[in-house]
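From first to last, the protein sequence lines are chains A and B.
Counting along the first sequence from 1, when you hit position 128 you're at 265 in the working numbering, and nothing is skipped either side.
Counting along the second sequence from 1, when you hit position 24 you're at 161 in the working numbering, and nothing is skipped either side.
The beta carbon of each residue, even a glycine, is placed where N, CA and C say it ideally should be.
It should be emphasised that the depicted structure is a prediction, and the values quoted were computed from it without experimental measurement.
To start, the structure itself, in structure tokens.
There are 2 protein chains.
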Amino acid sequence: MYSIQDVSRKTGLTAHTLRYYEKEGLIPSIERSQGGIRQYTDEDLEALGLICCLKNTGMSLQEIARFVQLTQAGEHTLRERVNMLTEHRENVIARMAEMQKYLDKVTWKVNYFSRKLEEYESREAKEAK
Amino acid sequence: MYSIQDVSRKTGLTAHTLRYYEKEGLIPSIERSQGGIRQYTDEDLEALGLICCLKNTGMSLQEIARFVQLTQAGEHTLRERVNMLTEHRENVIARMAEMQKYLDKVTWKVNYFSRKLEEYESREAKEAK
DNA sequence: CCTGTTCTTAAAGTTTACTCTAAGTCAAGA
DNA sequence: TCTTGACTTAGAGTAAACTTTAAGAACAGG
Chain A
138 MYSIQDVSRK TGLTAHTLRY YEKEGLIPSI ERSQGGIRQY TDEDLEALGL
188 ICCLKNTGMS LQEIARFVQL TQAGEHTLRE RVNMLTEHRE NVIARMAEMQ
238 KYLDKVTWKV NYFSRKLEEY ESREAKEAK
Chain B
138 MYSIQDVSRK TGLTAHTLRY YEKEGLIPSI ERSQGGIRQY TDEDLEALGL
188 ICCLKNTGMS LQEIARFVQL TQAGEHTLRE RVNMLTEHRE NVIARMAEMQ
238 KYLDKVTWKV NYFSRKLEEY ESREAKEAK
């Protein structure tokens with residue numbers, strides 16, 4: 138059992154954000170103590186792990202909420218969930234490929250400007266003499 | 138020479154956005170015809186290519202504007218520009234590594250749910266008999 | 001000449017994902 | 001008991017990057 142602060146530390150999300158996510162349906166409702174205080178289980182942490190994973194790969198909170206709601210609705214939503222994740226996976230792969238292409242361009246530019254910089258500096262050094 | 142619509146088509150940015158970028162200093166001022174109409178050169182397109190590249194790899198418009206302004210300020214800013222690009226490049230690499238890690242998790246989940254789905258479907262098929 | 005494109009400024013609106021505030025109550029651990 | 005920490009609702013605020021609107025004027029190609 139973890140307090141909201143524990144979970145905040147573990148996930149890097151603030152307590153505020155954790156409550157916000159719960160309100161928005163991104164986290165299945167968390168069990169409470171007799172006094173109404175949230176008690177996160179290891180299972181909740183697991184679920185949060187997937188949520189962060191989806192979020193950090195660019196899935197919108199809305200879609201994540203949909204996914205979580207499907208999960209809660211039971212086995213008959215398995216096909217839709219598989220479809221969602223598969224599509225998301227393809228998006229991520231596509232984005233990474235694009236990213237790699239852009240990275241190559243940036244690398245090229247770094248090298249290009251580095252060469253320019255060297256030329257410039259040796260020119261400066263000569264003039265200083 | 139290209140009109141703003143030509144450039145819009147080529148870059149995927151709207152004419153609105155192109156003017157907005159210019160106003161915000163993300164694009165060096167574009168030459169105009171006698172009548173005041175923007176005439177983009179191949180060189181402008183080149184510059185836009187780098188700008189889109191930086192934007193699509195997550196650099197903020199503000200930072201891009203700074204970079205463009207350094208470029209216009211001349212050779213003595215070469216070191217700073219190299220530093221900016223190098224740092225950005227490292228960020229991109231780090232983000233891609235993180236992405237790959239998340240992708241592995243998503244892939245694992247896709248497989249996991251696919252197995253569950255198969256089980257579920259064969260169970261359903263049996264019950265239908 | 002007509003039509004469609006482009007120009008201007010200035011400001012309001014949109015979306016996403018938080019983030020914070022207020023104000024007051026309640027719970028948990030030393 | 002005292003002091004953190006947690007709870008609530010509801011709504012305002014924030015930041016980034018657009019996006020749209022309005023309204024009128026000027027330009028360019030057939």
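{"Query": "CB contact flag (B/Leu198, B/Val144, <8 Å)", "Result": "no"}
{"Query": "Exposure of A/Thr154, with buried meaning 16 or more beta-carbon neighbours within 10 Å", "Result": "exposed"}
{"Query": "Proximity of B/Thr244 and A/Arg226 at Cβ, strictly below 8 Å", "Result": "yes"}
{"Query": "Minimum Cβ-Cβ distance from A/Ile188 to chain B less than 8 Å", "Result": "no"}
{"Query": "Contact set for A/Gln206: own chain, Cβ-Cβ below 7 Å, skip 5 residues either direction", "Result": "Gly162"}
{"Query": "Cβ pair A/Val319, B/Ser251 closer than 8 Å", "Result": "Past the edges of chain A, shown from 138 to 266, lies residue 319 of chain A, and the structure says nothing about it."}
{"Query": "Neighbour flag for A/Glu212 against chain B, beta carbons, 8 Å", "Result": "yes"}
{"Query": "Cutoff 8 Å: B/Lys246 Cβ touching any chain A Cβ", "Result": "yes"}
{"Query": "Buried or exposed (CB count within 10 angstroms, at least 16 for buried), A/Thr194", "Result": "buried"}
{"Query": "Element boundaries [alpha helix (DSSP H), containing B/Thr244]", "Result": "Leu215 to Ala265"}
{"Query": "Under 7 Å from the C-beta of A/Arg216: neighbouring residues of chain B", "Result": "Leu254"}
{"Query": "Distance CB(A/Gln176)-CB(A/Ile188) smaller than 8 Å", "Result": "no"}
{"Query": "C-beta neighbour in chain B for A/Tyr158, strict 8 Å", "Result": "no"}
{"Query": "Start-to-end residues for the alpha helix (DSSP H) that takes in B/Leu182", "Result": "Asp179 to Asn193"}
{"Query": "C-beta neighbour in chain B for A/Ile230, strict 8 Å", "Result": "yes"}
{"Query": "CB contact flag (B/Glu212, A/Tyr239, <8 Å)", "Result": "no"}
{"Query": "Chain-ordered neighbours of A/Leu240 on chain B, where CB pairs are closer than 8 Å", "Result": "Thr194, Arg226, Val229, Ile230 and Met233"}
{"Query": "Best match in A/Leu150, A/Tyr158 and A/Pro165 for proximity to A/Thr208 [C-alpha to C-alpha]", "Result": "A/Pro165"}
{"Query": "Cβ distance (whole Å) where A/Leu222 is taken to contact B/Val247 below 8 Å", "Result": "5 Å"}
{"Query": "Through-space distance from A/Glu180 to A/Leu215, alpha-carbon basis", "Result": "19 Å"}
{"Query": "Interface flag, A/Val243 vs chain B, CB-CB below 8 Å", "Result": "yes"}
{"Query": "Counted within 10 angstroms of its Cβ, other Cβ atoms place B/Ile201 as buried (16 or more) or exposed", "Result": "buried"}
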